[in-house]
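Enquirer:
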Amino acid sequence: MTSNLSKFYKKTRAERLAQLHDEGFLSSDSLELIKANTILEETVANSLIENQIGQFPLPMGVALNFIVDGKDIVVPMVVEEPSVIAACSNGAKFMRPLGGFETTVKERGLIGQIIISDLEDFEQAKSTILSHEHDIFELAKEAHPSIVARSGGLLSIEPRLIKNESGDIEFLTIHLVVDVKDAMGANIVNTLLEGTKNQINEWLGGNCLMSILSNYNDHSLVTSECRVSFDDLATGDMDGKTIAQRIAAATRYAKLDPYRAATHNKGIMNGIDSVLIATGNDTRAVAAGAHAYAARTGSYQSMSNWTINDDNELVGELTLPMPVGSVGGAISVLPLAKINQELLQLDSAIDLAKAVVSVGLAQNFSALKALVSEGIQRGHMSLHAKSLAIHAGAIGDEIDDLANRLKNEKQMNSKLATELLLKIRS
Ligand SMILES: CC(C)(COP(=O)([O-])OP(=O)([O-])OC[C@H]1O[C@@H](n2cnc3c(N)ncnc32)[C@H](O)[C@@H]1OP(=O)([O-])[O-])[C@@H](O)C(=O)NCCC(=O)NCCSC(=O)C[C@@](C)(O)CC(=O)[O-]
Ligand SMILES: NC(=O)C1=CN([C@@H]2O[C@H](COP(=O)(O)OP(=O)(O)OC[C@H]3O[C@@H](n4cnc5c(N)ncnc54)[C@H](OP(=O)(O)O)[C@@H]3O)[C@@H](O)[C@H]2O)C=CC1
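In the working numbering, the protein residues as written are 4 to 429.
The structure is reproduced here in structure tokens:
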């Protein structure tokens with residue numbers, strides 16, 4: 004058995020599968036299962052990634068009840084975790100009586116970095132960049148004419164001096180902020196950077212270490228806000244005001260303790276990632292930016308804010324960099340991504356960004372509401388019961404039967420699931 008399979012990438016999918024089978028990495032049954040699971044055309048799947056051997060289906064669902072900027076939307080989500088979609092719909096339902104989510108987008112620019120070292124006078128180099136502002140705009144137009152034709156392109160130039168651990172300036176980094184229109188824009192920005200960096204470095208006489216997009220996109224911040232009346236929050240034996248105060252306290256806590264902040268933010272990303280996957284967007288790019296933004300003060304904190312206003316309402320706010328696209332990358336190639344844009348009734352990438360941040364806020368609300376009242380396990384585990392049933396071997400009608408029996412038990416685990424399944428079958 005060896006994984007040193009040189010020129011594997013030059014083979015057809017069938018040949019790759021056969022080789023993995025012959026090497027003993029795949030059983031015949033697994034081989035057949037992989038062969039049978041295809042929705043994407045072979046050429047599309049092969050063009051998107053390398054060493055493609057098959058496709059990996061995940062369930063796709065819709066979150067309901069969302070009103071974003073006055074418009075009702077249905078949100079497609081692709082996710083493997085039970086209760087995420089239910090929580091999202093549940094959260095959005097609470098926001099409806101006071102109008103749903105209101106969003107704000109002040110700007111939408113992607114940042115590209117040109118990093119230059121070995122300069123004698125950094126302050127002088129910074130002035131040189133500013134004196135060449137007009138020339139850099141011209142270079143950028145030449146480097147990516149098609150985005151200019153779409154009324155996008157370079158928006159601004161921001162030189163930054165970067166100090167090293169000893170406090171000495173070691174790098175001049177030039178930020179080119181680019182309007183990428185409806186694309187996510189990483190390739191557009193990288194093309195623009197590579198088309199401008201040599202000339203810029205020549206003016207400076209330094210050493211260009213690299214040029215690349217920054218995923219910390221604080222020029223593409225999107226804010227979503229919502230309100231829930233105390234009257235609508237009461238749950239079990241807890242009144243609405245108490246729940247609201249406890250949700251606000253939970254957010255304050257997540258600003259103080261990174262151990263909690265990571266989980267708080269994971270809940271937000273539950274919703275966000277699911278919509279990104281459903282629309283063919285780059286989850287890694289958004290996650291990198293979101294977590295960097297959560298650490299912008301120097302300590303990693305809650306991404307969201309929940310406070311109480313004078314009208315007896317809980318007020319939620321989530322601001323995140325959201326450089327998503329509605330064209331380009333895999334988005335225009337994946338048929339289900341296009342169908343999901345249809346579901347969302349998107350007019351632009353900005354519409355998608357607004358929906359995604361609102362989903363993050365709804366998700367966060369539901370998780371916090373459960374956590375500060377009855378706890379997460381009732382809602383989450385009752386929906387997780389079906390996964391546990393399948394894991395124990397339940398099939399067909401047995402799945403619901405076993406899940407219902409598991410929900411009636413004090414604790415759920417795979418041993419118990421197996422025992423209950425045996426009872427069902429006996
Ligand atoms: C699970 C619920 C929604 C139950 O909540 P419930 O109060 O039992 O729900 P309900 O029966 O009153 O229904 C309210 C609405 O929720 C939705 N809903 C309700 N049930 C379903 C379902 N089966 N399938 C689809 N949608 C469902 C649906 O929209 C429904 O409206 P309706 O359709 O009746 O008009 C609630 O307990 C909840 O929101 N819990 C939070 C669960 C959660 O956050 N899950 C994420 C995974 S846990 C995690 O990874 C993150 C975490 C928690 O660690 C983050 C953190 O720590 O901050
Ligand atoms: N650090 C990171 O996050 C990195 C991410 N990536 C990857 O880059 C990809 C995204 O890059 P991106 O530049 O968006 O993708 P593309 O390279 O696909 O560029 C977008 C394309 O969309 C076309 N287009 C059509 N309509 C529009 C419109 N209205 N607005 C803007 N463009 C339009 C443009 O065509 P035309 O040329 O005719 O204008 C352009 O070719 C993702 O796959 C991502 O994973 C890559 C490198 C790094």
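The beta carbon of each residue, even a glycine, is placed where N, CA and C say it ideally should be.
None of these values were measured; they are calculated from a predicted model.
If you draw a straight line from the C-alpha of Ala-257 to the C-alpha of Ile-177, how long is it?
Expert: Within the sequence shown, residue 257 is the residue found at index 254, counting from 1. Within the sequence shown, residue 177 is the residue found at index 174, counting from 1. Those two C-alpha atoms are separated by around 34 Å.
Enquirer: Below 8 Å, can you find three or more Cβ-Cβ pairs linking the region 358-378 to the region 308-322?
Expert: Judged by Cβ distances under 8 Å, the region 358-378 makes contact with the region 308-322, as three or more pairs qualify.
Enquirer: Ligand 2 and Ala-89: does the residue's C-beta get closer than 8 Å to at least one heavy atom of that ligand?
Expert: For the purposes of this step, residue 89 is identified with residue 86 of the sequence shown, where counting begins at 1. No, ligand 2 has no heavy atom inside 8 Å of this Cβ.
Enquirer: As an exercise, report each continuous beta strand (DSSP E) stretch of at least 3 residues that is fully enclosed by the region 280-313, in chain order.
Expert: You should have 307-311.
Enquirer: Pick from Phe-59, Phe-140, Lys-184: whose alpha carbon is nearest that of Glu-110?
Expert: The sequence position of residue 110 within the sequence shown is 107, counting from 1. Nearest option by C-alpha distance: Lys-184.
Enquirer: If we ignore side chains and look at the alpha-carbon of each, how far apart do Val-485 and Val-65 end up?
Expert: Absent from the structure is residue 485, since the part of the chain shown begins at 4 and ends at 429.
Enquirer: Provide the residue span of the beta strand (DSSP E) that contains Lys-74, from first to last.
Expert: As a position in the sequence shown, residue 74 is number 71, starting the count at 1. Where Lys-74 is concerned, the enclosing beta strand (DSSP E) stretches over 74-81.
Enquirer: In terms of alpha-carbon separation, which member of Gln-58, Ala-21, Thr-194 lies closest to Ile-37?
Expert: For the purposes of this step, residue 37 is identified with residue 34 of the sequence shown, where counting begins at 1. Per the Cα distances, Gln-58.
Enquirer: Could you tell me the boundaries of the beta strand (DSSP E) in which Thr-324 lies?
Expert: Mapped onto the sequence shown, residue 324 falls at position 321. According to the sequence as given, residue 324 is Pro; it is not Thr. Unbroken beta strand (DSSP E) run through Pro-324: 316-324.
Enquirer: Between Glu-83 and the rest of its own chain, which residues show a CB-CB distance below 8 Å, the 5 nearest in sequence each way excluded?
Expert: For the purposes of this step, residue 83 is taken as the residue at position 80 of the sequence shown. Hits under 8 Å: Leu-61, Pro-62.
Enquirer: Scan the region 200-266 and note each continuous beta strand (DSSP E) run of 3 residues or more that stays entirely inside, going in chain order.
Expert: Counting whole runs of 3 or more residues, the region 200-266 contains the beta strand (DSSP E) stretches 210-216, 224-232.
Enquirer: Check whether the Cβ of Gln-366 lies closer than 8 Å to any heavy atom of ligand 1, and answer yes or no.
Expert: Position 363 of the sequence shown, counted from the first residue, corresponds to residue 366. True, at least one ligand heavy atom lies under 8 Å from that Cβ.
Enquirer: Mind checking whether Gly-283 and Leu-323 have CB atoms under 9 Å apart?
Expert: As a position in the sequence shown, residue 283 is number 280, starting the count at 1. As a position in the sequence shown, residue 323 is number 320, starting the count at 1. Not a contact, by the Cβ cut-off of 9 Å.
Enquirer: Going by CA-CA distance only, name the one from Ile-172, Lys-166, Ile-191, Asp-138 that's closest to Val-151.
Expert: The sequence position of residue 151 within the sequence shown is 148, counting from 1. The shortest C-alpha separation from Val-151 is found at Ile-191.
Enquirer: Indicate, with yes or no, if ligand 1 has a heavy atom lying under 8 Å from the CB of Leu-409.
Expert: As a first step, residue 409 must be located in the sequence shown, where it is residue number 406. No, since every heavy atom of ligand 1 falls outside the 8 Å radius drawn around the Cβ of Leu-409.
Enquirer: Using the three-state DSSP reduction, which class does Arg-163 fall into: helix, strand or coil?
Expert: Taking the sequence shown and counting its residues from 1, one reaches residue 163 at position 160. Strand, per DSSP.
Enquirer: According to DSSP, is Thr-176 helix, strand or coil?
Expert: The count along the sequence shown starts at 1 and reaches residue 176 at position 173. In this structure, Thr-176 counts as strand in the three-state DSSP scheme.
Enquirer: Determine, using beta carbons only, whether Leu-424 and Ala-388 come nearer to each other than 9 Å.
Expert: Within the sequence shown, residue 424 is the residue found at index 421, counting from 1. Within the sequence shown, residue 388 is the residue found at index 385, counting from 1. No, the pair does not count as a contact, with Cβ atoms beyond the cut-off.
Enquirer: Between the region 238-254 and the region 166-174, can you find at least three pairs of beta-carbon atoms closer than 8 Å?
Expert: Judged by Cβ distances under 8 Å, the region 166-174 makes no contact with the region 238-254, as fewer than three pairs qualify.
Enquirer: Using three-state DSSP, classify Met-98 as helix, strand or coil.
Expert: Numbered from its first residue, the sequence shown carries residue 98 at position 95. DSSP places Met-98 in helix when its eight states are reduced to three.
Enquirer: Got a sec: does ligand 2 put a non-hydrogen atom nearer than 8 Å to the Cβ of Leu-157?
Expert: For this step, residue 157 is matched to residue 154 along the sequence shown. It does not: the Cβ of Leu-157 is nowhere closer than 8 Å to a heavy atom of ligand 2.
Enquirer: Under 8 Å: do the region 292-304 and the region 340-353 share three or more Cβ pairs, one atom per stretch?
Expert: No: fewer than three Cβ pairs fall under 8 Å.
Enquirer: Is Ile-393 helix, strand or coil by DSSP?
Expert: Position 390 of the sequence shown holds residue 393. Ile-393: helix per DSSP, three-state reduction.
Enquirer: In chain order, what residues of the same chain lie with their CB nearer than 7 Å to the CB of Ser-277, ignoring the 5 residues before and after it?
Expert: Here residue 277 corresponds to residue number 274 of the sequence shown, with the count starting at 1. Same-chain partners within the cutoff: Met-80, Val-81, Val-82, Val-87.
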